[in-house]
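Here the structure comes first, spelled out in structure tokens, and everything after it is commentary.
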Amino acid sequence: LVPLTISKLMKLKAEGQKITSLTAYDASFAALFDQMGIEVILVGDSLGNVIQGHSSTIPVSIQEMAYHTACVARGVKRAFIIGDLPFASYTSTAEAVKNSALLMQSGAQMVKMEGGAHLCEMVEVLTHHGIPVCGHLGLTPQSVNTLGGFKVQGKSADAAKKILEDALALEAAGAQLLVLEAIPSTLGAQITQALKIPTIGIGAGPDCSGQVLVMHDALGAFPGRKPKFVKDFLAPTGTIEKAITLYIEEVKSGAFPAPEHCFVAN
Ligand code: KIV
Ligand code: NA
């Protein structure tokens with residue numbers, strides 16, 4: 044049982060093999076996903092929505108993220124664990140180091156932060172301290188109030204260019220992975236090609252290096268409005284294990300995401 048590392052994820056991208064990722068927030072689901080071969084488990088601040096019942100990720104605290112990261116880490120033997128830095132927990136480099144250290148000491152192997160070029164100095168410092176960083180561009184839910192809602196990003200040529208530049212800047216600063224959320228498929232493909240590091244898409248088209256879904260969405264547990272990029276893998280399969288197997292198969296083959304899960308540019 045060889046644990047997943049960032050080098051292995053780089054190798055998967057280089058070989059053109061898709062990376063499979065799901066969120067998890069507790070030991071039992073994390074253990075199941077891990078045993079089934081999910082490569083990256085993201086302890087997302089989406090737990091504010093799906094676990095805590097908030098309408099955004101803004102109320103989530105670093106202590107809550109550390110608690111769920113520790114729960115997940117106890118269930119995992121092989122998968123690569125990413126912990127989300129929550130809202131306003133990386134407003135200075137000192138805060139970012141302190142809060143990232145807490146997630147790493149809780150069992151994360153990488154931390155994720157939302158935003159572009161303005162984070163570069165921070166990414167460099169974290170990386171130098173042995174804290175690998177995953178960027179997150181496109182729809183960044185912690186900025187829902189500045190974005191004016193949960194909207195698809197990068198639809199115009201100018202907006203797309205800005206996101207591509209942010210991606211290149213984050214990579215140059217030392218980011219080792221990049222989540223792309225709710226952008227046109229063409230932009231997802233362009234960024235993935237321009238970067239050496241892997242991209243993990245959620246509503247970013249089939250050409251990203253891998254795909255991630257919120258586990259509740261992948262298992263049909265969405266009481267509210269279902270975003271376009273979501274697919275329920277439980278309904279057609281009937282058991283959680285078969286649903287996860289189908290998700291892995293469809294990500295690996297490129298069948299998911301299909302055109303109906305994707306966004307187009309203006
Ligand atoms: O919090 C989360 O689950 C995420 C993914 C949607 C990428 O950031
Ligand atoms: Na998140």
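Using my numbering, read the sequence shown as starting at 44 and increasing by one per residue.
Ideal Cβ positions, reconstructed from N, Cα and C, are used throughout, including at glycine.
Given the structure is predicted, the values throughout are model-derived calculations rather than measurements.
Using the three-state DSSP reduction, which class does residue i fall into: helix, strand or coil?
i, result
"residue 76", "helix"
"residue 146", "helix"
"residue 199", "coil"
"residue 291", "helix"
"residue 281", "coil"
"residue 66", "strand"
"residue 115", "helix"
"residue 84", "strand"
Of the choices the options, whose alpha-carbon is the least far from that of residue i?
i, options, result
"residue 109", "232, 152, 181, 297", "152"
"residue 164", "215, 264, 183", "215"
"residue 204", "83, 226, 220", "226"
"residue 22", "264, 229, 261", "Residue 22 is absent from the model: the chain starts at 44 and stops at 309."
"residue 126", "211, 135, 71, 83", "83"
"residue 149", "88, 274, 262, 106", "106"
"residue 293", "274, 283, 208, 309", "274"
"residue 189", "48, 99, 113, 104", "99"
"residue 268", "174, 206, 193", "193"
"residue 75", "144, 85, 118, 44", "118"
"residue 45", "243, 120, 223", "120"
"residue 300", "62, 48, 207, 133", "62"
"residue 186", "146, 129, 241", "129"
"residue 49", "247, 302, 124, 263", "124"
"residue 217", "86, 240, 295, 296", "240"
"residue 158", "169, 207, 146, 178", "178"
"residue 20", "88, 261, 242, 247", "Nothing can be reported for residue 20: it is not among the residues displayed for the chain, which extend from 44 to 309."
"residue 247", "87, 77, 264, 270", "270"
"residue 133", "113, 111, 104, 114", "104"
"residue 113", "93, 138, 137, 86", "86"
Give me the Cα-Cα distance between residue i and residue j, rounded to the nearest whole angstrom.
i, j, result
"residue 307", "residue 195", "9 Å"
"residue 67", "residue 278", "20 Å"
"residue 198", "residue 291", "29 Å"
"residue 258", "residue 182", "18 Å"
"residue 51", "residue 162", "25 Å"
"residue 256", "residue 160", "25 Å"
"residue 237", "residue 298", "23 Å"
"residue 122", "residue 116", "9 Å"
"residue 180", "residue 285", "31 Å"
"residue 81", "residue 53", "16 Å"
"residue 101", "residue 91", "8 Å"
"residue 175", "residue 305", "29 Å"
"residue 184", "residue 79", "29 Å"
"residue 71", "residue 201", "44 Å"
"residue 55", "residue 141", "31 Å"
"residue 254", "residue 245", "6 Å"
"residue 144", "residue 155", "12 Å"
"residue 212", "residue 73", "32 Å"
"residue 223", "residue 288", "23 Å"
"residue 280", "residue 272", "19 Å"
"residue 135", "residue 282", "44 Å"
"residue 171", "residue 47", "21 Å"
"residue 220", "residue 266", "31 Å"
"residue 69", "residue 169", "26 Å"
"residue 296", "residue 276", "15 Å"
"residue 146", "residue 166", "15 Å"
"residue 57", "residue 95", "38 Å"
"residue 65", "residue 302", "20 Å"
Any beta carbon from chain B within less than 8 Å of residue i's own beta carbon?
i, result
"residue 105", "Included in the structure is just one protein chain, with no chain B present."
Could you name each continuous beta strand (DSSP E) segment of 3 residues or more that falls completely within the segment 208–267, going from the start of the chain to the end?
-> 220–224, 242–245, 253–256
Where the beta carbon is closer than 5 Å to any heavy atom of the ligand NA, which residues qualify, in chain order?
-> 87, 88, 127
Go through the segment 121–190 residue by residue and report every complete run of the beta strand (DSSP E) that reaches 3 residues or more, in order.
-> 123–127, 153–157, 176–181
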